Structure formats: structure tokens, C-alpha cells
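Okay, structure first, notes after.
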Amino acid sequence: MPAADRLRPGTPADAGRHLAFLGHGAERTGPPILLGHLLRGLLAEGRGDRASVVTARGGPLLDTYRAAGAEARAVATGREPIEPVAAALRRAGGAALVAPAQAWARGRAVRRLADVDLVYVNAATPPTAALLRALDPPPATPVVLHVHELDVGLRLTLDPVDLAFLLARADHVIAASHPVAELLVAGHGVDPARTTRCDEFVDVGAVAPLPRPEARRRLGIPADAAVVGSVGLPDWRKDPERLLHAAWLLRRTHPELDPWVAWIGGDPASIDGRHLADEARRLGMDHRFVHARHSERPDHLLGALDVFALPAREDAFPLAALEAGAAGLPLVCFRTGGVAGLADDGAGVAVEHPDVAAFAAALADLLGDADRRATVGDRARSLVAEHHDVPVGVARIRAVLDGVLARPAPTPGG
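For reference, each letter of the sequence shown is one residue, going 327 to 740 in the working numbering.
This is the structure we're talking about:
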């Protein structure tokens, strides 16, 4: 029976529905990780719901989705559908055939989805837009779009046509933080009535930093050093060079602190990694800088840090910062995303972007005062546990899904 025929106003929340989730990938980055938490929480509630996941790219989190109880498959194992075939077609002068062939591959993956009651699009990206087009759910099947992106993600990496398509097809939009909600309403004209802020969340109980001596030994950092660090890809948006600049300034204004900088994530041999290493050398900080490559458990290395720094040009609500807060680390960030609100509530210090001097001063204030560092870190731990743990985050999203599913199905031509 078509989903449109099974969705009626007032359908009981525990009736058991088929939820389809579309994602851009299954790698260990923010939105795919959050989807794993969400699936585990939703499917553990005992409501009889069924979940199917289709991602544009494969990755280790497919197994996580399956372990949560979802059916999960990927369109491609590489960066794009039928990658070897697409490359061969381009070499042979058949570039015009690539897009239709890739559309066929997406269609083949989503055609296995049947009797879907709701489609959940996890992130506003080119791959998720392509998957939603391929699925083409009927108007009576509601679509929820979860936007984890801010201006750069929406404006520079997503074609305006794709963004307009996603926003127009979505019956409801979930915003990953207050800044995302503001951007959607003020910048993209999304109706506030169909927008709900659901802050990002992490598995607080699973965050397990190593003891400081062991974590620092693994990074090659002296046990008694002052250490600031961050977690994530060392790309333009995360702006790790600005953290180096702040640390360089801190060395000049507070030579007694002379901090180490640890960047955890990405590949030191990548272009971004090499640029970061070159900047450390240019600033004369290469002897006090370490770049640890991507790890399956970056939270282990949080034990090496005194302060977690978020120098990003923009970041909606990075899970790494929430894990750092869960580990009891004070946070220093720019006002370029959702972490600023957490800092304002006592979890750290937020300064205006791109004021490096203010960023350095905030680092100095925390690095130079162990008691304040402990107090702010304890507050961060408490806030994350109260507002950003899996049960809290899942409940917020479950309320959105129940509300959307309870709405009357649209009438033909309405």
C-alpha cells in the first residue's frame, strides 16, 4: 500500500512507520555520526519503526547504522557513483554520458525503498539533493530536511537550484543550531513555522579521553606543557592557521605560557596538512606544533589538551566541540556558530571573528588560571550532559517527526 494511503491525520505515534534516511556519506564526520546516534535512539524506543538508509558514498558508519537496526546501503564506495566507469567515460570523450549513468545508479539504490512514510534528508548537500530527486517521493510523503550547514556550506558548495529544490520539497526543516535557524529564516526565506532548532548532540557516555600523561605521550608533547588544540579537517572553513596565529601572539604577550598547539584530524600529508605545517614553520612554532592524523577515536587524544579551541570561520555546531565539553575541557571560539551560545552559558569564551588578539587573550586567561579552567570545564561538562546527550537530542527530533507525520496529507491540487 502506498505511503500516502497509510498516512492519516492523527496516526498514533507508536503505530510503527517506515522512515527513509538519505545521507551524503557514511564517513566519520559530523552529520553521518549524528545520524548513527539518531538511529540508535529512535529504533531503541520500541515503537516498531523501521529505518532504511541510503548514502551517496560508503564508509565505516554503514555498519553502525546496521547495528542500530537499520537497513543501510551506499550508492558508491568512492567519491561519486560508478566512479571507475565515470572516469573511463571521461577519458574516452563520453563525459555527456556520466550524469545519466550516475542518475541510473542513484535510482537503482533508492528504488529498493518501498512504502516509505517519511523521508529524512540528513544535510543540505549536492549528494543528498541528487538522492532526493532520484527517490522522488509523492507529495503525500513528508520530507524533513536536517540542515547542518551555514553560509559557506549552503552558498558555496551547494548549487542554488539544489538548495531551492531541497527547501521547497521539505515539509519541515531542522536547524542544527540557532545560527543555522537564523540563516534559514533571514537569509533563505524559510517560514519560521516550518523550522525547528534541534541542537547537535553526542554520546556523552562514550567520550573517553586518555589520561593526560598517556595522551601527551602519544602526541609527543611534554607532560608539563600548556596545550591548546582542536579536532577536525584542517581546511579553509575550520581555519587552523588562525589558531596558530593566536598561539604565536600568545607567546609574545605571555611568554611564560609558551603553548603547544595540537591539531587532531585530517592527513598531515594532504595539501591542507602541508599548508598548516608550512604556516607553523613560518611562525617559528613548528617545534611546538603537532598534527595528529585522523583517528577513529579522536576523543582519546582530548586528554592531552588544557583548552579546546575552535578557530573556524563558520561551524554550525561541531560534534568535536561537544565531545570536548563532555570531556571537561573549556572552550574558546569565535562567534561563528552554535558553540558561541554554549560558551556564553559558561562553557568557555566566545570572541568576535576575526579578532585574533581577543582569541589569544581568552586562551591566556584559561591557560594561566588552573582553577578557572577547571570551573569552566566542569560547566561545559554539565551543559553538554544536560542539553546535548543522545536521549535529549533524539527526543527533540522525534517530536518533530511525530508532528510532521500527524499532519493531514495534502489534498490533490492543494
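We put the beta carbon where it would ideally sit given N, CA and C, even for glycine. The structure presented is a predicted model; accordingly, all values stated were derived computationally and were not measured.
Point to revise | Same chain only: Cβ atoms within 7 Å of residue 330, ignoring 5 sequence neighbours per side | key: Taking the first residue of the sequence shown as position 1, residue 330 is located at position 4. Confidence at residue 330 is low in this model, with a pLDDT of 37, below 50, so the placement of that residue is unreliable and no value is reported for it.
Exercise for review: Under 8 Å Cβ to Cβ from residue 516, same chain only, skipping five residues before and after it: list those, please.
Suggested key: Stepping through the sequence shown from its first residue, residue 516 is reached at position 190. Excluding residues within five positions, the ones whose Cβ falls inside 8 Å are 493, 499 and 510.
Review point. Does the count of Cβ pairs from the stretch 535-543 and the stretch 573-583 closer than 8 Å reach three?
Key: Result no; under three Cβ-Cβ pairs closer than 8 Å.
Point to revise | Where residue 527 sits in the DSSP three-state scheme | key: For this step, residue 527 is matched to residue 201 along the sequence shown. In the three-state reduction of the DSSP assignment, residue 527 falls in the coil class.
Review point. Hey, how far is the Cα of residue 568 from the Cα of residue 433?
Key: As a working note, residue 568 is residue 242 in the sequence shown. As a working note, residue 433 is residue 107 in the sequence shown. Take the alpha-carbon of residue 568 and the one of residue 433: they are about 43 Å apart.
Practice item. Flag residue 518 as yes if its beta-carbon sits less than 9 Å from any beta-carbon of chain D, otherwise no. Key: Of the chains in the structure shown, none is chain D; there is only one protein chain.
Exercise for review: Look at the alpha carbon of residue 605 and the alpha carbon of residue 525, and state the distance between them as a whole number of angstroms.
Suggested key: For the purposes of this step, residue 605 is taken as the residue at position 279 of the sequence shown. For the purposes of this step, residue 525 is taken as the residue at position 199 of the sequence shown. Distance between the alpha carbons of residue 605 and residue 525: 34 Å.
Exercise for review: Output the distance between the C-alpha atoms of residue 452 and residue 701, rounded to the nearest integer angstrom.
Suggested key: Translated into positions along the sequence shown, residue 452 becomes position 126. Translated into positions along the sequence shown, residue 701 becomes position 375. Each residue's CA atom was taken as its position, placing residue 452 and residue 701 some 42 Å apart.
**Study point:** Residue environment, residue 682, which counts as buried when at least 16 other CB atoms sit within 10 Å
**Key:** Within the sequence shown, numbered from 1, the residue matching residue 682 stands at position 356. The residue in question, residue 682, is buried, as its Cβ has 16 or more Cβ neighbours within 10 Å.
Point to revise | Cβ separation of residue 304 and residue 497, assumed to be a contact under 8 Å, to the nearest whole Å | key: Residue numbering for the chain in the displayed model covers 327 to 740; residue 304 lies beyond these limits and cannot be assessed.
Point to revise | Identity of the residue in 441, 636, 446 and 722 nearest residue 523 by Cα | key: By 1-based counting over the sequence shown, the position of residue 523 is 197. Residue 722 is the option with its Cα nearest to residue 523.
Check your understanding: Any idea which residues DSSP pairs residue 501 with across the strands?
Key -> As a first step, residue 501 must be located in the sequence shown, where it is residue number 175. Note: residue 501 is bridge-paired with 473 and 523 in the DSSP secondary-structure output.
Point to revise | residue 549 versus 630, 703 and 637, residue with shortest Cα-Cα distance | key: Here the question's residue 549 lines up with position 223 in the sequence shown. Looking at the Cα atoms, 630 is the closest of the given residues.
Check your understanding: Does DSSP classify residue 335 as helix, strand or coil?
Key -> Counting from one through the sequence shown, the residue named residue 335 turns up at place 9. Bear in mind that the predicted position of residue 335 carries a pLDDT of just 36, short of 50, making it too unreliable to give a figure here.
Check your understanding: Does the stretch 695-712 come within contact of the stretch 583-603, defined as at least 3 CB pairs closer than 8 Å?
Key -> These segments do not touch.
Check your understanding: Thinking C-alpha only, which one of 652, 397, 476 and 371 is nearest residue 379?
Key -> Along the sequence shown, one-based indexing puts residue 379 at 53. By alpha-carbon distance to residue 379, the top candidate from 652, 397, 476 and 371 is 397.
Check your understanding: Any idea what DSSP makes of residue 623, helix, strand or coil?
Key -> Working through the sequence shown from its first residue, we reach residue 623 at position 297. Coil, per DSSP.
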